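Student: So the numbering used here is basically just the index in the sequence shown, starting at one, shifted up by 14. Cβ atoms here follow ideal geometry from the backbone N, Cα and C, with glycine treated the same way. All of these numbers come straight from a predicted model, not from anything done at the bench. Dropping the structure in here first, questions after.
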Amino acid sequence: MAANNDLGWYGKLPTAGDFLQHRMPEALINSWSNWFQLGLIHWHHHHDGASDLFSQAPVWNFALPATLGVQRVQLGCLMPSRDRVGRAWPLLVLQSVPMKYWHPAQLAISGDWFQEVGSTMVQAVQQRHTAEWLEQALCGIAPLSLPDTGRSDIMDVIGYQDLPCTLDWREVATRFDPLQYTSYWWTNQSDGYPLASHKHSGNLTAQLFSQLFHPAAAAQPGRHGLYPPMFE
Numbered sequence: 015m016a017a018n019n020d021l022g023w024y025g026k027l028p029t030a031g032d033f034l035q036h037r038m039p040e041a042l043i044n045s046w047s048n049w050f051q052l053g054l055i056h057w058h059h060h061h062d063g064a065s066d067l068f069s070q071a072p073v074w075n076f077a078l079p080a081t082l083g084v085q086r087v088q089l090g091c092l093m094p095s096r097d098r099v100g101r102a103w104p105l106l107v108l109q110s111v112p113m114k115y116w117h118p119a120q121l122a123i124s125g126d127w128f129q130e131v132g133s134t135m136v137q138a139v140q141q142r143h144t145a146e147w148l149e150q151a152l153c154g155i156a157p158l159s160l161p162d163t164g165r166s167d168i169m170d171v172i173g174y175q176d177l178p179c180t181l182d183w184r185e186v187a188t189r190f191d192p193l194q195y196t197s198y199w200w201t202n203q204s205d206g207y208p209l210a211s212h213k214h215s216g217n218l219t220a221q222l223f224s225q226l227f228h229p230a231a232a233a234q235p236g237r238h239g240l241y242p243p244m245f246e
């Protein structure tokens, strides 16, 4: 088991006046914060600063490979939020997994984990809970299992694709490669949105941010879009 596999989180809550963060290293926060800043600039430019529209965006699950500037696989949820005075900013919860602990079966059995994380975030934002409430609730979520020994020889033979999959979007479990450049995004559905999904190739871009944080992104159930490589 990894020495530290606690959930980290970063962002804003309607009950707080500033940025909040727990158990996330500065370098990891900076990588997400830079994307949020670029994305919000792009968002406000194209949507005339419509914060109400931003707040209606769905909660997204994500799986990011260890090739996008952070040498860890990142799994978690992302949703729109705001601070006490209404300034828009996302709320992010994630578990980062070092490659030496990554196991191909982890995603296949993570459906309930994603659901619990997303549901907790929705409660924190919509019911205006405090940062202390969110912290306590997240600490009560069991972390993803991180095997000590890596791959199983038996499972390498029979194939991980035959394991029972608890994800609503099975392709994530069968196609995600932590050493390639495709990130996977799919709606959490704890907020009532139907299943929608996206694959993005390369670094996270302002265009991707605007697409994810628009309610229309989840208007077409089951959409599995693959955006072209966009390196910034």
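Could you give the DSSP three-state label for His-214: helix, strand or coil?
Tutor: In the structure shown, His-214 adopts extended strand secondary structure according to DSSP, grouped into three states.
Student: May I ask you to report which of helix, strand or coil DSSP gives Trp-183?
Tutor: DSSP places Trp-183 in coil when its eight states are reduced to three.
Student: Alpha carbons only, please: which of Gly-100, Leu-158, Leu-209 is nearest the one belonging to Leu-21?
Tutor: When only C-alpha atoms are compared, the closest one is Leu-158.
Student: Taking its Cβ as the centre, do 16 or more other Cβ atoms sit within 10 Å of Glu-246, making it buried, or is it exposed?
Tutor: Because Glu-246 sits at a pLDDT of 35, beneath the cut-off of 50, its placement in the model cannot be relied upon, and the following sentence gives the value as read from the coordinates. When all chains shown are included, Glu-246 counts as exposed.
Student: Identify the continuous alpha helix (DSSP H) that holds Ser-129 and give its terminal residues.
Tutor: According to the sequence as given, residue 129 is Gln; it is not Ser. Its alpha helix (DSSP H) spans residues 125 to 140.
Student: Output the distance between the C-alpha atoms of Lys-213 and Pro-28, rounded to the nearest integer angstrom.
Tutor: 30 Å
Student: Below 8 Å between beta carbons: does that hold for Ser-224 and Gly-53?
Tutor: yes
Student: Please list the terminal residues of the continuous beta strand (DSSP E) segment that includes Asn-53.
Tutor: It should be noted that the sequence gives Gly, not Asn, for residue 53. Note, Gly-53: premise wrong, no beta strand (DSSP E); alpha helix (DSSP H) at 40 to 61.
Student: Can you tell which of Pro-229, Glu-185, Tyr-207 has its C-alpha closest to the C-alpha of Ala-122?
Tutor: Considering only alpha carbons, the answer is Glu-185.
Student: Indicate whether the contact test is met: 3 or more Cβ pairs, each with one atom in the region 115 to 135 and one in the region 30 to 46, closer than 8 Å.
Tutor: no
Student: Run through the DSSP bridge pairs and tell me what Val-73 is partnered with.
Tutor: Val-73 pairs with nothing; no bridge assigned.
Student: Grouping DSSP H, G and I as helix and E and B as strand, with all else coil, what is Ser-204?
Tutor: coil
Student: Contact defined as beta carbons within less than 8 Å: I believe Pro-261 pairs with Ser-69. What is the distance between those atoms, to the nearest angstrom?
Tutor: Nothing in the structure corresponds to residue 261, since the chain is present only between 15 and 246.
Student: Quick one: what's got a C-beta closer than 7 Å to His-58's C-beta in the same chain, skipping five residues either side?
Tutor: none
Student: For Pro-229, does the three-state DSSP call read helix, strand or coil?
Tutor: helix
Student: For the ligand ADP, any of its heavy atoms closer than 7 Å to the Cβ of Asn-48?
Tutor: The ligand ADP is not among the ligands present in this structure, which contains no ligands whatsoever.
Student: By the 10 Å Cβ neighbour count, where 16 or more other Cβ atoms means buried, how is Asn-44 classified, buried or exposed?
Tutor: exposed
Student: Output yes or no for whether 8 Å exceeds the beta carbon distance between Ala-231 and Ala-71.
Tutor: yes
Student: Would you kindly work out how many angstroms separate the C-alpha atoms of His-60 and Ala-41, rounded to a whole number?
Tutor: 29 Å
Student: Keeping to the same chain, check which residues put their C-beta closer than 7 Å to that of Glu-130; ignore five residues upstream and five downstream.
Tutor: Ile-155
Student: Note down the Cα distance separating Ala-145 from Leu-92, rounded to an integer number of angstroms.
Tutor: 16 Å
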